[in-house]
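Visitor: Here it is, the structure in full.
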Amino acid sequence: MHGYGFGEADILAAIDYTGLTYKQQLAAQEEALARYDREKAAELEKAKAVFASRFKADPAPAEMAQQ
Numbered sequence: 001m002h003g004y005g006f007g008e009a010d011i012l013a014a015i016d017y018t019g020l021t022y023k024q025q026l027a028a029q030e031e032a033l034a035r036y037d038r039e040k041a042a043e044l045e046k047a048k049a050v051f052a053s054r055f056k057a058d059p060a061p062a063e064m065a066q067q
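First residue of the sequence shown: 1, per the numbering used here; consecutive thereafter.
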């Protein structure tokens, strides 16, 4: 089950379900959440790049720690 945060709830509330079957509604929700997750990931990567350039941090130690 997908945990819904505040931003995700806003995404789901913005979907127009008019005329959609239940299966289509679920597909619309999944697509909207997937797009939201991709956008969040892109924002995070951008923030990491800005941080690294601003502080000239070496991202390698953090990446190695995650592995």
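Even for Gly, the Cβ is constructed at its ideal location relative to N, Cα and C.
(1) For the 8 Å Cβ check, are there 3 or more pairs between the stretch 17-24 and the stretch 35-42?
(2) Run through DSSP, which three-state label would Lys56 get?
(3) Can you give me the Cβ contacts of Val33 inside the same chain, cut-off strictly under 8 Å, excluding the 5 residues immediately before and after it?
(4) Rounded to whole angstroms, what's the CA-CA distance from Glu45 to Gln29? Just pull it up for me.
(5) Would you say Gly7 faces chain B, with C-beta separation under 8 Å as the test?
(6) By DSSP, does Tyr36 sit in helix, in strand, or in coil?
Guide: In this structure, then:
(1) no
(2) coil
(3) Note on identity: in this sequence residue 33 is Leu, with Val being the wrong assignment. Taken in chain order, the residues that qualify are His2, Glu8, Ile11, Leu12.
(4) 24 Å
(5) No chain B is present in this structure, which holds just one protein chain.
(6) helix
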